[in-house]
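Protein chains in written order, with the working numbering: chain A, 10 to 532; chain B, 10 to 532.
There are 2 protein chains.
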Amino acid sequence: MSLVKLYDTTLRDGTQAEDISFLVEDKIRIAHKLDELGVHYIEGGWPGSNPKDVAFFKDIKKEKLQQAKIAAFGSTRRAKTTPANDHNIKTLIAAEPDVITIFGKTWDFHVREALRISLEENLELINDSLVFLKQNVAEVFYDAEHFFDGYKANPEYAIKTLKAAEDAGVDCIILCDTNGGSMPYEVADIIAKVRKQIKTPLGIHTHNDGECAVANSIVAVDQGIVQVQGTINGFGERCGNANLCSIIPAIKLKLKKDCISDEQLRHLREVSNYIFELANLSPDKHLAYVGKSAFAHKGGVHVSAIQRHPETYEHIRPELVGNSTRVLVSDLSGKSNILAKAEEFQINLDSKDPVTQEILEEIKEMENRGFQFEGAEASFELMMKKALGTHKKFFQVMGFRVIDEKRTDDQKPTSEATVMIKVGGKIEHTAAEGHGPVNALDNALRKALEKFYPKLKEVKLHDYKVRVLPAGQGTASSIRVLIELGDKISRWGTVGVSDNIIDASYQALIDGIDFKLHHEDSV
Amino acid sequence: MSLVKLYDTTLRDGTQAEDISFLVEDKIRIAHKLDELGVHYIEGGWPGSNPKDVAFFKDIKKEKLQQAKIAAFGSTRRAKTTPANDHNIKTLIAAEPDVITIFGKTWDFHVREALRISLEENLELINDSLVFLKQNVAEVFYDAEHFFDGYKANPEYAIKTLKAAEDAGVDCIILCDTNGGSMPYEVADIIAKVRKQIKTPLGIHTHNDGECAVANSIVAVDQGIVQVQGTINGFGERCGNANLCSIIPAIKLKLKKDCISDEQLRHLREVSNYIFELANLSPDKHLAYVGKSAFAHKGGVHVSAIQRHPETYEHIRPELVGNSTRVLVSDLSGKSNILAKAEEFQINLDSKDPVTQEILEEIKEMENRGFQFEGAEASFELMMKKALGTHKKFFQVMGFRVIDEKRTDDQKPTSEATVMIKVGGKIEHTAAEGHGPVNALDNALRKALEKFYPKLKEVKLHDYKVRVLPAGQGTASSIRVLIELGDKISRWGTVGVSDNIIDASYQALIDGIDFKLHHEDSV
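Here is the structure:
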């Protein structure tokens with residue numbers, strides 16, 4: 010089975026994305042994750058461009074990687090100098106990576122307008138830069154920038170630039186769709202032509218400006234390309250780079266070629282989420298293969314079908330990429346969804362039971378008010394228990410007060426909460442401070458309840474999301490709060506909706522605590 | 010120039026997406042937007058499946074559309090009945106749409122496992138359902154569900170199902186990649202084969218489970234398909250449907266075929282955002298063509314290049330789809346970005362001026378603390394003014410207090426804010442209520458300041474976004490608030506970061522008011 014090598018540039022091209030900025034420590038942690046995933050090459054950065062990247066190459070040497078090779082990125086030498094005297098090329102070699110990848114100009118327009126040198130001179134600096142690097146590094150790759158646009162504008166010259174690299178004996182020539190506007194039918198056609206003239210192994214580097222980056226990489230592999238460059242989750246400038254999370258499963262499961270092991274593939278979703286987390290972005294649930302919704306079914310018809318035969322509405326088995334089938338509950342869902350959910354929560358629900366219909370009605374009504382139970386399964390379970398009359402009232406909040414105060418211009422506001430709760434006959438009245446009103450309220454509630462339910466000490470607030478729901482959604486503008494709590498064993502999500510952020514947060518917090526108590530109780 | 014017709018199913022397949030639920034009024038508003046965009050067919054829903062969709066077809070009749078035709082979606086008749094007696098088919102006709110589209114089974118596996126009837130019987134119910142519909146409606150389309158999977162499993166039978174539709178005289182046969190797992194090279198190959206055997210005009214309907222939905226639609230058009238089905242922003246179940254916002258520009262600008270006018274194309278970005286808004290989702294900034302970041306440049310090299318020649322790093326002119334070039338400011342950005350931004354704000358900044366370097370340093374430091382200036386240009390402008398010493402202090406907040414109180418279990422919390430501000434020598438001490446602490450604080454601040462700056466009465470709070478930044482980003486976990494304020498003429502965004510949501514909101518509110526006063530002043 011032919012092998013396709015993966016070249017990850019999340020740490021270099023990925024950081025060109027709006028919103029993405031990694032600390033050096035993040036980059037080291039990500040490099041380890043990529044190595045575990047089985048990526049063959051990790052492009053760590055452009056040492057010539059910023060100190061952060063220089064630090065990465067220094068620090069990564071102290072780390073023990075399983076098999077991934079570290080690549081440094083840079084450009085061909087400047088005009089009117091020699092490779093040996095070119096600052097950028099010197100910093101590349103000084104970084105001591107396993108692999109060096111430099112880009113050069115393919116498009117005659119760029120040679121004239123950006124470099125402002127002759128077409129001939131450009132061929133020379135591509136060639137001698139690479140010859141020099143080959144004398145100093147084990148493996149050297151050449152990124153043919155703007156290759157497809159260049160080829161369309163001037164095929165003869167584009168091929169000449171590749172030959173200049175081939176003559177230097179580079180290990181791989183990567184065809185780049187730098188502006189990301191090429192179409193799959195062009196990519197397939199052009200690569201077929203290039204392969205007739207270039208014998209050096211070829212790679213592909215695409216961008217998503219036409220929403221075709223993944224498809225362009227896939228048709229390239231179908232055309233015999235042996236190296237694919239991309240980023241995890243498709244991070245990258247503008248519309249992003251080719252998304253390795255979609256390309257890897259396609260190579261293995263669709264094209265049936267080798268790249269990473271089946272076991273490594275089962276960690277794909279975990280790697281995707283891990284890197285979203287370090288990038289400080291909430292995962293895109295609709296991502297192919299790895300997204301939370303990738304195998305989520307809403308329509309009643311689909312749900313009953315996949316329960317019999319998953320392949321009826323799933324193109325692969327979710328487990329292969331570490332994902333799983335989910336059944337969604339919404340006003341589009343039939344009883345089958347509700348029953349499937351109930352089963353998930355080990356609640357006996359009879360399809361003939363009028364309560365099932367009741368729950369459906371309540372969901373529709375709550376969704377109209379802005380509630381959303383995807384990601385808030387704990388609130389959904391409590392709602393079912395209430396409808397079924399199996400919900401226990403562990404405590405009652407009599408009232409609370411939160412005060413945020415800023416005394417002087419330069420001082421930060423402080424937050425203090427007081428709560429009064431009732432458990433059985435006893436009343437507890439207490440207060441706590443916090444980072445902001447919600448944290449203070451959470452602290453005060455827990456402080457009061459831990460007296461009665463010590464197990465709550467284990468509970469931690471893991472995530473807090475706020476969404477402002479614009480008006481004109483059938484209700485006045487309101488605020489939805491989703492929180493995630495967890496203990497040593499598990500995590501659970503709850504939801505609250507109100508025009509008041511404190512009230513919405515309060516609802517979600519109460520559900521979160523209530524859920525814990527119900528489960529402690531049932532254990 | 011050959012014409013490709015657009016069939017939008019945002020209102021039907023789009024609503025299968027997790028998180029998406031439209032009210033009937035939303036659907037009517039969206040239908041008008043789609044009509045203005047020049048979409049040829051608007052699939053309004055499945056009248057047989059839920060009352061909401063029945064209501065849509067009733068209400069849309071009262072509306073005046075420019076040219077779009079309204080289509081109703083449903084399935085072939087059930088087994089053991091006649092089309093005339095089939096409930097689903099009767100509701101379709103009762104909805105009185107311009108077009109009826111029904112789906113039928115192509116994949117022998119589905120016929121056996123889902124329908125549980127003979128392969129022969131399936132051909133009959135496809136054919137007679139369509140024959141009956143043709144007698145009752147002007148235009149009838151046939152969606153061949155799971156066509157590509159069915160063809161791969163049993164090509165002879167898959168073609169037979171298409172022939173059954175062709176023999177019924179349908180106006181278009183749509184090849185569906187229902188599970189979304191087909192690859193572009195397969196789609197091109199299979200369509201070429203189908204066209205040899207089927208003369209009825211063909212359409213394409215793809216899903217994004219392999220991140221190839223757009224590419225698969227594009228190669229289909231390249232293969233002579235004349236109808237493309239998709240949704241705005243790629244809304245749809247699991248990983249979504251084919252994204253018309255990427256397909257439309259590809260048809261016009263890449264394949265050079267006709268579908269909507271150049272003028273309509275210039276509204277594409279506006280339509281995308283409008284529908285995100287009604288779907289109650291924040292727009293995905295990295296979307297091809299229409300995303301806020303689609304033409305945003307961060308790397309210093311790129312920025313200096315596009316300023317000379319946009320085509321160096323932009324695959325199309327952003328204006329063609331109603332988008333525009335943006336220059337981002339970040340710790341990756343060179344001086345050229347800062348200078349470009351300064352120019353945008355009509356601030357004279359000299360590249361040699363040490364202040365430019367100072368601003369870069371401050372941005373890096375602030376970004377490390379979690380600040381982000383994309384979407385918060387007003388805060389960025391104020392920061393520049395402070396660095397340049399051209400910032401005026403219009404007011405000073407001496408202090409504030411916000412109290413959120415819930416008195417009884419069933420009562421909602423109330424929020425009240427008191428503020429003390431100083432303008433010139435005068436001190437103003439006042440209080441206001443609000444929906445939640447931030448709204449109360451905003452009301453109190455404005456109430457106090459309007460005394461001195463009546464122009465602030467025009468200012469409205471348009472958007473409020475909260476993002477919890479997880480710890481381990483070099484700082485303790487903190488909260489970022491982005492707000493958007495506006496007056497009659499313009500809108501501006503500001504940002505605040507703190508571990509306290511009130512403090513972060515306060516920073517953003519103050520910047521928002523301060524920005525308005527600076528601009529009133531300069532007028």
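Idealized CB from N, CA, C, for every residue including glycine.
Being a predicted model, the structure only gives us computed values, none of them experimental.
At 7 Å on the CB atoms, spell out the chain B contacts of residue i, in chain order.
i	result
Gly300/A	Cys248
Glu27/A	Lys294, Ser302, Ala305, Lys307, Leu337 and Glu383
His5/A	One cannot answer for residue 5/A here, as it falls past the ends of chain A, which runs 10 to 532.
Would you check if the distance between the CB atom of residue i and the CB atom of residue j is smaller than 8 Å?
i	j	result
Asp496/B	Val468/B	yes
Gly53/A	Ile69/A	yes
Lys261/B	Leu274/B	yes
Ile5/A	Leu277/A	A query on residue 5/A cannot be resolved here, the shown segment of chain A reaching from 10 to 532 and no further.
Ser313/B	Ser345/B	yes
Glu442/A	Glu459/A	no
Ser138/A	Pro92/A	yes
Ile241/A	Asp35/A	no
Leu535/A	His295/A	With chain A running from 10 to 532 in the structure shown, residue 535/A is simply not present.
Looking at the secondary structure, which residues open and close the alpha helix (DSSP H) in which residue i lies?
i	result
Met407/A	Careful: Met407/A lies outside any alpha helix (DSSP H), inside the beta strand (DSSP E) at Gln405 to Lys415.
His41/A	Val33 to Leu46
Gly445/B	Gly445 to Glu459
Thr170/A	Pro164 to Asp176
Please compile the residues from chain A whose C-beta is within a distance smaller than 9 Å of the C-beta of residue i.
i	result
Asp508/B	Lys421, His444, Gly445 and Asn448
Ser360/B	Neighbours of Ser360/B on chain A: none; closest Cβ ~18 Å, over 9 Å.
In chain A, which residues lie less than 7 Å from residue i when you measure between Cβ atoms?
i	result
Ala314/B	Ala123
Gln405/B	Asp418
Pro193/B	Pro193, Ala224, Ile227 and Val228
Phe409/B	Lys415
Gly54/B	The premise fails here: Gly54/B is roughly 11 Å from chain A at the closest Cβ pair, so nothing lies under 7 Å.
Asn188/B	Tyr322, Glu323 and His324
Val475/B	Val475
Ala1/B	Because chain B is modelled from 10 through 532, residue 1/B falls outside the range shown and cannot be assessed.
So the candidates are the options; which of them puts its Cα closest to the Cα of residue i?
i	options	result
Thr110/B	Phe118/B, Gln76/B, Cys185/B and Arg125/B	Cys185/B
Gly521/B	Phe389/B, Lys161/B and Val411/B	Phe389/B
Asn131/A	Thr100/A, Asn97/A and Leu171/A	Leu171/A
Cys268/A	Leu526/A, Glu529/A, Val13/A and Lys525/A	Val13/A
Glu414/A	Asp512/B, Thr100/B, Gly212/B and Ile488/B	Asp512/B
His528/B	Val506/B, Ile498/B and Leu518/B	Ile498/B
Val428/B	Trp116/B, Leu450/B and Thr417/B	Leu450/B
Leu358/B	Ala396/B, Glu328/B and Gly379/B	Ala396/B
His216/B	Lys401/B, Ser302/B and Glu246/B	Glu246/B
Lys265/A	Val230/A, Phe409/A, Asp95/A and Lys401/A	Val230/A
Val364/A	Met392/A, Ala387/A and Lys61/A	Met392/A
Val149/A	Thr187/A, Tyr473/A, Gly212/A and Val203/A	Gly212/A
How far does the beta strand (DSSP E) with residue i in it reach, from first residue to last?
i	result
Ile213/B	Leu211 to Thr215
Tyr50/B	Tyr50 to Gly54
Ser127/B	Note, Ser127/B: premise wrong, no beta strand (DSSP E); not H, not E.
Arg489/A	Ser487 to Gly495
Met429/B	Thr423 to Val432
Ser507/A	Arg500 to Ser507
Can you pull the chain A neighbours of residue i, defined as C-beta to C-beta under 8 Å?
i	result
Ser424/B	Asn509 and Ile511
Asn252/B	Glu220
Ala303/B	Asp218, Arg247 and Cys248
Listing by chain order, which chain B residues have their CB less than 8 Å from the CB of residue i?
i	result
Asp231/A	Met192 and Tyr194
Lys464/A	Under the 8 Å cutoff, chain B gives no residues; its nearest Cβ is about 23 Å from Lys464/A.
Ala153/A	Here the premise fails: no neighbours, minimum Cβ distance about 15 Å.
Going along chain B in order, which residues have a C-beta closer than 9 Å to the C-beta of residue i?
i	result
Arg317/A	Glu122 and Ala123
_Contact the stretch 220-232 of chain A vs the stretch 216-236 of chain B: 3+ CB pairs below 8 Å_ = Counting Cβ pairs under 8 Å, three or more are found: they touch.
*Give a yes or no on contact between the stretch 314-321 of chain A and the stretch 65-80 of chain A, applying the rule of three or more CB pairs nearer than 8 Å.*
Counting Cβ pairs under 8 Å, fewer than three are found: no touch.
*Could you say if the stretch 92-106 of chain B and the stretch 139-154 of chain B meet the contact criterion of at least three C-beta pairs nearer than 8 Å?*
The stretch 92-106 of chain B is in contact with the stretch 139-154 of chain B.
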